[in-house]
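In the numbering used here, the protein residues as written are 3 to 201. Even for Gly, the Cβ is constructed at its ideal location relative to N, Cα and C. Since the model is a prediction, treat every value here as computed from it, not as a measurement.
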């Protein structure tokens with residue numbers, strides 16, 4: 003009989019965790035679309051929860067933006083770890099860069115708010131830069147050691163290039179354009195016989 007109250011306390015907690023995950027997933031979809039529909043109400047509808055549930059997990063818009071942002075950074079770090087087993091180091095690097103374009107797309111609907119959050123929270127900016135630099139740095143080092151890409155580029159070089167390519171993210175069709183440019187860019191990093199990308 004004593005375990006019943008414990009079971010009752012676990013279920014709401016599990017439901018709360020699931021609701022939080024649903025909200026974060028929905029927020030990613032809504033923010034990626036951007037535009038006038040990128041509202042907290044749209045996120046709640048997409049998640050299938052009430053706006054009150056959303057606010058219980060994320061009291062302010064900035065709280066939700068930061069949580070989505072951190073989740074995206076964490077997933078990119080996890081992807082980098084997974085890609086270390088990719089047979090071709092240069093293709094692993096290419097896949098990570100392409101995934102980062104989706105990360106930029108998610109940020110599209112919350113750029114203004116993120117700018118405020120980043121300014122007020124230097125730890126978040128350091129967290130993001132540190133994780134992304136380590137992720138791309140590890141993949142780049144592996145590709146260099148394998149002799150697949152040139153050795154005179156750094157992780158910061160790649161991140162700056164990627165940010166530059168995504169600069170026009172407010173224009174229609176920008177993602178496809180950036181993905182095409184990324185392929186050209188990565189192929190330009192390749193050395194020797196591997197320079198021409200296989201179809």
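Item	Value
Distance CB(residue 26)-CB(residue 69) smaller than 8 Å	yes
Per DSSP, cross-strand counterpart(s) of residue 151	192
Whole alpha helix (DSSP H) elements within the stretch 87 to 111, 4-residue minimum	91 to 109
Which of helix, strand or coil DSSP assigns to residue 55	helix
Run of the alpha helix (DSSP H) containing residue 67, from where it starts to where it stops	63 to 85
Cα-Cα separation, residue 75 to residue 141	16 Å
Cβ neighbours of residue 50 in the same chain (closer than 6 Å, five flanking residues each side left out)	none
Assigned secondary structure, residue 129 (DSSP; H/G/I helix, E/B strand, else coil)	helix
Neighbour-count burial assignment, residue 138, 16 or more Cβ in a 10 Å radius	buried
Spatial neighbours of residue 79 in its chain, beta-carbon cut-off 7 Å, leaving aside the 5 residues before and after	133 and 137
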